[in-house]
Amino acid sequence: MNTFLLRIMTPEKSFFDGAANEIVFSTPEGRIGVMAGHMPMVTAVAENTIEIRDGESTEAKIAAIGQGVCEIFDNTIEFYVDSVEWAADIDLARAREALERAELRMRSSADRMEYVRNQAAISRALARMKAANDTIGSLPDIS
Amino acid sequence: MSMNNTGEIKARMKSIRQTTQIASAQKLIAASRVGKAQHTLNETRPYHDHIRQTIAELLSLHPEVLSPYIGSESWRIPVKPGLLVLTSDSGLAGGYNSNIIKFAEEEMSKDMRFQHLMVQGNVGHTALSRRGYQIDDEIELPSNFPTLSHAGHIAKYIISLFESREVDGFGIIYTDYRSAARLIPVHEILLPLPPETFGDAGIVRSDVSFEPSPEVVMEMLIPKYLKGFIYGCLVHSWAAELTSRISAMDGAVRNGNEMLDKLSLAYNRARQAAITQEITEIVAGAQALTTDD
Numbered sequence: 543m544n545t546f547l548l549r550i551m552t553p554e555k556s557f558f559d560g561a562a563n564e565i566v567f568s569t570p571e572g573r574i575g576v577m578a579g580h581m582p583m584v585t586a587v588a589e590n591t592i593e594i595r596d597g598e599s600t601e602a603k604i605a606a607i608g609q610g611v612c613e614i615f616d617n618t619i620e621f622y623v624d625s626v627e628w629a630a631d632i633d634l635a636r637a638r639e640a641l642e643r644a645e646l647r648m649r650s651s652a653d654r655m656e657y658v659r660n661q662a663a664i665s666r667a668l669a670r671m672k673a674a675n676d677t678i679g680s681l682p683d684i685s
Numbered sequence: 180m181s182m183n184n185t186g187e188i189k190a191r192m193k194s195i196r197q198t199t200q201i202a203s204a205q206k207l208i209a210a211s212r213v214g215k216a217q218h219t220l221n222e223t224r225p226y227h228d229h230i231r232q233t234i235a236e237l238l239s240l241h242p243e244v245l246s247p248y249i250g251s252e253s254w255r256i257p258v259k260p261g262l263l264v265l266t267s268d269s270g271l272a273g274g275y276n277s278n279i280i281k282f283a284e285e286e287m288s289k290d291m292r293f294q295h296l297m298v299q300g301n302v303g304h305t306a307l308s309r310r311g312y313q314i315d316d317e318i319e320l321p322s323n324f325p326t327l328s329h330a331g332h333i334a335k336y337i338i339s340l341f342e343s344r345e346v347d348g349f350g351i352i353y354t355d356y357r358s359a360a361r362l363i364p365v366h367e368i369l370l371p372l373p374p375e376t377f378g379d380a381g382i383v384r385s386d387v388s389f390e391p392s393p394e395v396v397m398e399m400l401i402p403k404y405l406k407g408f409i410y411g412c413l414v415h416s417w418a419a420e421l422t423s424r425i426s427a428m429d430g431a432v433r434n435g436n437e438m439l440d441k442l443s444l445a446y447n448r449a450r451q452a453a454i455t456q457e458i459t460e461i462v463a464g465a466q467a468l469t470t471d472d
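Heads up: the sequence lines are chains A and B, in that order. To convert, count from 1 in the first sequence and add 542; that's the numbering used here. To convert, count from 1 in the second sequence and add 179; that's the numbering used here.
What follows is the structure, given as structure tokens:
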């Protein structure tokens, strides 16, 4: 199977730098899959999960990924995103708590800035919960 | 004259020694932080340079993309601009705060239409509100340990003001850290971004498509660019604050040591004078006894 070079960068660190042969992630218009030899493209990335298959095992590696852009050129795929975290590293209980807190604040606050911030917190918590849940089977769809 | 009293000189020396110790500790703390601040800025730079590069590429491939965040050819002067001024929470930083506050006041006096003033740092906040400026306190702006997520909050807030048309332009005044000896207050435009900010895209990968549309990608990139830019300003100001503190405290320690030298000389003299006087008194007393015989 053909592979491509996958890089996932956040401002703090380089999260992934290696070969992969298929990835699936979300854009604002829905989920897309990319394989080797894809045409050059720059696409917006929505907060959700990313599935990475590297050919070594049939199981996809799953991570929660934040907003950003994905650039595809010359069989190299680069993600520039706010945050990214392997599903296995996510503390599901904490993500749930964060979601509850943000929802509570959302209901109690009329402030516009607060609203935007809570919305971001909610979508982040949902993406993390989804990533963590994926590895144990259930799959709530949030995209 | 108190200089003749050994007890008083000793007390004074003790207090100066304590002050010098505080100054020297402040200096060490600032010195250990300044390197770290520079290091974190350098680490995030490649990411933000890339975001800027992608915007440049998008603009050169799709000049028709009209982003409200980017200034157009028909440049119009903002009618109700906003301004963010970066000062520090704590003093003891030499001329750092007074320089930036003076510069901000000069800039604002050029343009009296400022609608929205935001100030980071207690020192600047107190100084400017005392001079009658209305300050927007909607979001908290601590000056220590700038983080990317904090820069992100500021960027989001400024964008929301811009989108709701409370302001139609936004500037930032911060201290540019060129070198330890060159700390320059500067005024930069955050919104709408001057097109020349993105400069020449260099070699453009021309057959690229932007999905779902150049506009959506642009909308995603601009807040990230602003966040990176603001983060750079925060770190520059912080490094400048720490550097000013290092040299101010260095001066304080030197002055303190000089004073301690002078005082210990005065102390020794006073002690010697007291001993001499005591001896004179004893000798005079003994002589008085012998002449009585």
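Yeah, the Cβ is synthetic: ideal placement off N, Cα and C, and Gly gets one too.
field: alpha helix (DSSP H) segment containing Y312(B), residue limits
entry: Neither: Y312(B) is in no alpha helix (DSSP H) and is coded neither H nor E.
Rounded C-alpha distance that separates Y657(A) from Q609(A): Each residue's Cα considered, the two are about 18 Å apart.
query: Any beta-carbon of chain B closer than 8 Å to the one on T618(A)?
result: Chain B, which has no Cβ nearer than 8 Å to the Cβ of T618(A), makes this no.
query: Span of the beta strand (DSSP E) holding S625(A)?
result: Premise fails: S625(A) is in no beta strand (DSSP E) and is neither H nor E.
message: I need the straight-line Cα distance from L548(A) to R659(A), nearest angstrom please.
response: Distance between the alpha carbons of L548(A) and R659(A) is about 30 Å.
field: For D347(B) and V258(B), the rounded distance between their alpha carbons
entry: So the alpha carbons of these two residues sit roughly 7 Å apart.
field: Beta carbon of I550(A) nearer than 8 Å to that of V623(A)
entry: Yes, the Cβ-Cβ distance between I550(A) and V623(A) is below 8 Å.
field: CB contact below 8 Å: P247(B) versus chain A
entry: Not closer than 8 Å to any Cβ of chain A, the Cβ of P247(B) fails to qualify, so no.
Close beta carbons around S181(B), own chain, < 6 Å, minus the five adjacent residues each side: With a pLDDT of 44 at S181(B), under the threshold of 50, the modelled position of this residue cannot be trusted, and the question is left open.
task: Quick one: give me the first and last residue of the alpha helix (DSSP H) that Q197(B) is part of.
output: Element bounds for Q197(B): T185 to L240.
- prompt: Of all the residues that make up the region 582–609 of chain A, which are near chain B by a beta-carbon distance shorter than 7 Å?
  reply: Residues passing the 7 Å Cβ filter: P582, M583, V584, T585, A586 and Q609.
- prompt: Does any residue of chain A bring its CB to less than 8 Å from the CB of M297(B)?
  reply: By this cut-off, M297(B) is not an interface position.
query: What are the residues of the region 388–401 of chain B that lie near chain A, defined by any Cβ-Cβ distance shorter than 7 Å?
result: So the close ones are S388, F389, E390, P391, V395, V396, M399 and L400.
task: List the endpoints of the continuous beta strand (DSSP E) containing H366(B).
output: R361 to L370 is the extent of the beta strand (DSSP E) around H366(B).
Proximity of A561(A) and T545(A) at Cβ, strictly below 8 Å: Their beta carbons are under 8 Å apart, which means A561(A) touches T545(A) by this criterion.
field: Coarse secondary structure for H295(B), derived from DSSP in three states
entry: Three-state result, H295(B): strand.
message: Please list, in chain order, the chain B residues whose beta carbon lies closer than 7 Å to that of E564(A).
response: What E564(A) touches in chain B: nothing, since even the nearest Cβ is about 18 Å away.
message: If I measure Cβ to Cβ from A210(B) and keep anything under 8 Å in the same chain, skipping five residues before and after, which residues do I get?
response: Correct list, in chain order: L421 and I425.
field: Of the residues K555(A), G572(A), P582(A) and F567(A), the one placed nearest F389(B), counting alpha carbons only
entry: Among K555(A), G572(A), P582(A) and F567(A), the Cα nearest to that of F389(B) is on P582(A).
query: Does Y226(B) have its Cβ less than 8 Å from a Cβ in chain A?
result: Cβ-Cβ to chain A under 8 Å: yes for Y226(B).
task: Given a cut-off of 8 Å, decide if F377(B) and K231(B) are closer than it, judged by their beta-carbon atoms.
output: For the sequence presented, residue 231(B) should be read as Arg rather than Lys. A contact, by the Cβ cut-off of 8 Å.
- request: Pull up the distance between the alpha-carbon of F341(B) and that of A606(A), whole angstroms please.
  value: The C-alpha of F341(B) lies about 31 Å from the C-alpha of A606(A).
message: For L558(A) and V626(A), what's the separation of their Cα atoms in angstroms?
response: The question names Leu, but residue 558(A) is Phe in the sequence shown. When only Cα atoms are considered, F558(A) and V626(A) end up about 10 Å apart.
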